[in-house]
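Chemist: Numbering (this note's numbering), first residue to last: 2 to 177.
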Amino acid sequence: MARNVYLSGAAVFLLLLLVPPMIQGADNGSVGLSIVAKPLHPIDKNMEAQVATIIKSRLLAFGIENVSVNTTINSSSGETLFVIRVFPVNSTDVELIKHVISDSGLLYLEFGGTVFATGADVTVPSGQYGLDLRRGPTVGYVGFQLSDKAQDKFKQVATHKVGGLLTSSSVLRSIL
Numbered sequence: 002m003a004r005n006v007y008l009s010g011a012a013v014f015l016l017l018l019l020v021p022p023m024i025q026g027a028d029n030g031s032v033g034l035s036i037v038a039k040p041l042h043p044i045d046k047n048m049e050a051q052v053a054t055i056i057k058s059r060l061l062a063f064g065i066e067n068v069s070v071n072t073t074i075n076s077s078s079g080e081t082l083f084v085i086r087v088f089p090v091n092s093t094d095v096e097l098i099k100h101v102i103s104d105s106g107l108l109y110l111e112f113g114g115t116v117f118a119t120g121a122d123v124t125v126p127s128g129q130y131g132l133d134l135r136r137g138p139t140v141g142y143v144g145f146q147l148s149d150k151a152q153d154k155f156k157q158v159a160t161h162k163v164g165g166l167l168t169s170s171s172v173l174r175s176i177l
């Protein structure tokens, strides 16, 4: 019993000695951060590379520098894991990194406050995205197609909101 109390006391003492320098190091930007993320669904090698590129470019766009994103396979389950490393990182960057990695990536299309499509309803044909350099160096475009279900839902929502009848898919395209 006395040994357990001694070990617990020693652990608390070490914790009290080590935590302030760790916090100070985080505030000075002299610590690194590693995050292991697992996709919700299994993905193939091509998608792995795309996801890693997207994660890295989003973190860079939010001002997080010195980012590396690697993929690895969990040896016990065979699942793909993404290892995101940032060094140095300060305490304010940690929440931003968590937000960018975990809370982003959901797509909802709405009209007049009503959601009519999600990311599952959208497909981007190959080559239908890029930069429009005629408008400026940072102007991008993405051509996309909606599923039939999402188009029907949009027609219902738009008809209700606008008060008219939408029958032509060209009208749908011009509104989008």
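Ideal placement from N, C-alpha and C gives every residue a C-beta, glycine not left out.
Distance cutoff 9 Å, beta carbons only. Does D94 sit that close to anything in chain C?
Modeler: Absent from the structure: chain C. Only one protein chain is present.
Chemist: Count the CB pairs spanning the segment 113-130 and the segment 82-90 that are closer than 8 Å, and state whether there are at least three.
Modeler: Segments in contact, no.
Chemist: DSSP three-state label for Q129, please.
Modeler: Q129 falls in the coil class under three-state DSSP.
Chemist: Take the Cβ of T160 as the centre, count every other Cβ of all protein chains shown within 10 Å, and call the residue buried at 16 or more, exposed below.
Modeler: That one is exposed.
Chemist: From the DSSP output, which residues share a beta bridge with S69?
Modeler: R86.
Chemist: Could you please give the first and the last residue of the uninterrupted beta strand (DSSP E) stretch that includes I44?
Modeler: Taken as a continuous stretch (DSSP letters only), I44 belongs to no beta strand (DSSP E), as it is neither H nor E.
Chemist: Identify every run of the beta strand (DSSP E) within the segment 91-159, keeping only runs that are complete inside it and at least 3 residues long; order them along the chain.
Modeler: Listed in chain order, the complete beta strand (DSSP E) runs (minimum 3 residues) inside the segment 91-159 are 109-112, 115-119, 130-132, 141-143.
Chemist: Determine which residues share a DSSP beta bridge with V37 and list them.
Modeler: Partner(s): V84.
Chemist: Could you name the residues that DSSP lists as bridge partners for V32?
Modeler: According to DSSP, which records beta bridges pairwise, V32 is partnered with V90.
Chemist: Use the C-beta contact count for F155: other C-beta atoms within 10 angstroms, 16 or more gives buried, fewer gives exposed.
Modeler: It is buried - the Cβ of F155 has at least 16 other Cβ atoms within 10 Å.
Chemist: Which residues in the same chain as A27 place their Cβ atom closer than 7 Å to its Cβ, once the five residues preceding and following it in sequence are excluded?
Modeler: In this prediction, A27 scores a pLDDT of 48, lower than 50, which makes its location untrustworthy; no coordinate-derived value is stated.
Chemist: So the candidates are A118, V143, P138, T139; which of them puts its Cα closest to the Cα of Y130?
Modeler: Of the candidates A118, V143, P138, T139, the one whose C-alpha sits nearest the C-alpha of Y130 is V143.
Chemist: Spatial neighbours of P138 within its chain, please: C-beta separation below 8 Å, excluding the five flanking residues on both sides.
Modeler: Result list for P138: L132, in chain order.
Chemist: With three or more beta-carbon pairs closer than 8 Å as the criterion, would you say the segment 62-77 touches the segment 93-104?
Modeler: At 8 Å Cβ cutoff, the stretches touch.
Chemist: Taking all protein chains shown into account, do 16 or more other C-beta atoms lie within 10 angstroms of the C-beta of I55, making it buried, or fewer, making it exposed?
Modeler: Exposed is the call here.
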